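So the protein sequences, as listed, match chains A and B.
Per numbering that gives the first Met the number 0, residue 0 is the first one in the first sequence, and the count goes up by one each step.
Per numbering that gives the first Met the number 0, residue 0 is the first one in the second sequence, and the count goes up by one each step.
Protein chains: 2
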Amino acid sequence: MKKQSSTNSTRSEVKVEMARMPLASRPGYLVRRLHQIHSAIFLEECQEFGITPVQYGLITTLLNNPGIDQVTLGGEVGIDRTNVADVLNRLSERGLVRRERSQTDRRSMVAFLTKEGEAVADKMYDSMRRAQDRFLAPLRPEFRAAFLAMVTELIEGNSKYSLPDTNSASGRRKSTASRDE
Amino acid sequence: MKKQSSTNSTRSEVKVEMARMPLASRPGYLVRRLHQIHSAIFLEECQEFGITPVQYGLITTLLNNPGIDQVTLGGEVGIDRTNVADVLNRLSERGLVRRERSQTDRRSMVAFLTKEGEAVADKMYDSMRRAQDRFLAPLRPEFRAAFLAMVTELIEGNSKYSLPDTNSASGRRKSTASRDE
DNA sequence: CCTAATTACTCAGTATACATCTCTTTATCG
DNA sequence: CGATAAAGAGATGTATACTGAGTAATTAGG
């Protein structure tokens with residue numbers, strides 16, 4: 000082993016390490032670029048609708064689950080609850096989504112697509128499929144399913160990091176023993 | 000019957016399509032979640048340094064290319080040049096990066112790591128590797144290289160969407176015929 | 001039935017990512 | 001050599017994404 004200097008190695012040693020693990024081979028870099036590229040293709044195909052990938056995810060989830068509450072919606076789509084509120088806000092300003100208090104639990108806000116929202120979901124479907132096709136095109140067809148299966152495996156295997164703190168309660172450190180002072 | 004009026008499909012038909020292509024099987028959703036998960040793991044492993052994945056990418060690129068200009072740096076790391084300026088700003092406020100005008104082209108800003116910046120790069124290396132290992136852990140070891148190869152293929156095959164408008168000139172439609180007035 | 005804990009949401013702040021516009025610097029042309 | 005075209009950097013605005021703090025409504029315990 001070339002562990003000549005102990006914990007704090009020299010600058011040149013770090014450079015050697017970095018050269019051995021160049022940016023273009025690091026999983027994190029690759030995954031970020033992949034996401035970036037998919038977003039660019041999606042945005043290009045769906046340009047005429049002015050809908051982003053995340054907005055489209057929310058819209059289709061609302062299409063299949065009208066009246067869902069914001070927390071459940073965030074869990075389905077994989078975005079955190081403050082972000083759900085942001086995106087729904089933008090969508091409702093454009094008249095694609097309507098929100099109201101839940102009848103059964105008045106803490107909750109439930110969301111619905113408007114007629115316009117349903118029309119957008121309808122009209123965007125083909126564009127979304129074209130974006131997917133273009134994105135996967137560089138991969139040989141027989142590898143595509145395997146690729147998606149591996150991604151799914153990575154997501155499920157790391158599911159505990161999926162959404163950092165979904166219920167927001169763990170950050171709230173009111174432990175039962177500090178009420179007195 | 001409902002109105003067949005609009006372009007092609009009815010609402011219920013759309014729902015069938017959506018059910019056939021649920022969120023969890025769409026490439027875009029999967030890639031977004033994967034990126035999200037990697038960021039969460041990286042941030043957790045590298046928490047003590049307060050460095051994000053993108054910041055780390057810039058730091059290691061500066062380590063290997065001291066004095067690189069901001070545009071080239073953005074091309075290497077895969078982020079656009081206004082974002083490079085943002086991130087370098089944060090890093091230089093923390094004393095990790097130093098910037099100055101290029102001697103050869105005084106329009107350009109060139110960047111260097113400070114001693115503190117080099118120390119951070121050094122100390123973070125092991126944490127970064129741990130984040131990578133945890134991220135890839137759910138995949139069987141013999142699949143990991145294949146997975147990274149497929150991601151690389153998707154990135155390279157879609158390289159024209161990698162960075163939407165790197166040089167900023169294509170968006171600038173000042174056709175040579177509008178200077179007179 | 002009142003209080004404590006939990007839950008759902010909102011708001012403010014940080015960071016990444018990109019488009020567009022403006023300004024400065026450099027290069028070129030008459 | 002001075003006008004101007006070309007190129008790059010910065011500022012501004014939008015969108016996603018998450019953290020932390022705070023508010024309101026519901027539920028659980030005594």
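Where a beta carbon is used, it is the ideal one built from N, C-alpha and C, also for glycine.
From a predicted model like this one, the values you see are computed outputs, not experimental measurements.
{"Asked": "Please report whether the beta-carbon of Pro26 (chain B) lies at a distance below 8 Å from any beta-carbon of chain A.", "Found": "yes"}
{"Asked": "I need the DSSP call for Leu112 (chain B), collapsed to helix, strand or coil.", "Found": "strand"}
{"Asked": "What's the C-alpha gap between Phe41 (chain B) and Glu152 (chain B)?", "Found": "24 Å"}
{"Asked": "Is the beta carbon of Glu44 (chain A) sitting closer than 8 Å to the one on Ala136 (chain A)?", "Found": "no"}
{"Asked": "Using a Cβ cut-off of 9 Å, pull out every chain B residue sitting near Ala84 (chain A), in sequence order please.", "Found": "None at all; the shortest Cβ gap to chain B is about 18 Å."}
{"Asked": "With Val96 (chain B) and Leu90 (chain B) assumed to form a contact (beta carbons below 8 Å), what rounded beta-carbon distance in angstroms separates them?", "Found": "4 Å"}
{"Asked": "Evaluate the contact criterion for the segment 46-62 of chain A versus the segment 109-127 of chain A: three or more CB pairs, one atom per stretch, below 8 Å.", "Found": "yes"}
{"Asked": "If I'm right that Ile154 (chain A) touches Ile154 (chain B) with Cβ under 8 Å, what's the distance once you round it to whole angstroms?", "Found": "Actually they are not in contact, since the Cβ atoms of Ile154 (chain A) and Ile154 (chain B) sit about 19 Å apart, beyond 8 Å."}
{"Asked": "Tell me the DSSP secondary structure of Asp121 (chain A) in three-state form.", "Found": "helix"}
{"Asked": "Could you check what DSSP says for Arg100 (chain B) in three-state terms: helix, strand or coil?", "Found": "strand"}
{"Asked": "Counting only beta-carbon separations shorter than 8 Å, does Leu33 (chain A) have a partner in chain B?", "Found": "yes"}
{"Asked": "Going by C-alpha to C-alpha distance, which of A:Val76, A:Asp68, A:Gln69 and A:Phe48 sits closest to Thr59 (chain A)?", "Found": "A:Val76"}
{"Asked": "So, is the C-beta of Ala144 (chain A) closer than 8 Å to a C-beta in chain B?", "Found": "no"}
{"Asked": "Along the segment 117-140 of chain B, where does the CB come closer than 9 Å to a CB of chain A? Name the residues.", "Found": "Glu117, Ala118, Ala120, Asp121, Lys122, Tyr124, Met127, Arg128, Ala130, Gln131, Arg133, Phe134, Leu135, Ala136, Pro137, Leu138 and Arg139"}
{"Asked": "Going by C-alpha to C-alpha distance, which of B:Arg80, B:Asp104, B:Gly94 and B:Arg128 sits closest to Leu112 (chain B)?", "Found": "B:Gly94"}
{"Asked": "Spatial neighbours of Met127 (chain A) within its chain, please: C-beta separation below 8 Å, excluding the five flanking residues on both sides.", "Found": "Phe41, Glu44, Cys45 and Tyr55"}
{"Asked": "In this structure, how does DSSP classify Ile50 (chain A) when only helix, strand and coil are distinguished?", "Found": "coil"}
{"Asked": "From the beta carbon of Ile50 (chain A), is the nearest beta carbon of chain B less than 8 Å away?", "Found": "no"}
{"Asked": "Any beta carbon from chain A within less than 8 Å of Val109 (chain B)'s own beta carbon?", "Found": "no"}
{"Asked": "Apply the 10 Å Cβ neighbour rule to Pro26 (chain A) and answer buried if 16 or more other Cβ atoms are within range, or exposed otherwise.", "Found": "buried"}
{"Asked": "Hey, does Leu61 (chain A) have any beta-carbon neighbour from chain B nearer than 8 Å?", "Found": "no"}
{"Asked": "On the DSSP letters alone, give me the boundaries of the alpha helix (DSSP H) that Ala39 (chain B) sits inside.", "Found": "Pro26 to Glu44"}
{"Asked": "Going by CA-CA distance only, name the one from B:Asn157, B:Ala148 and B:Ser158 that's closest to Ser24 (chain A).", "Found": "B:Ala148"}
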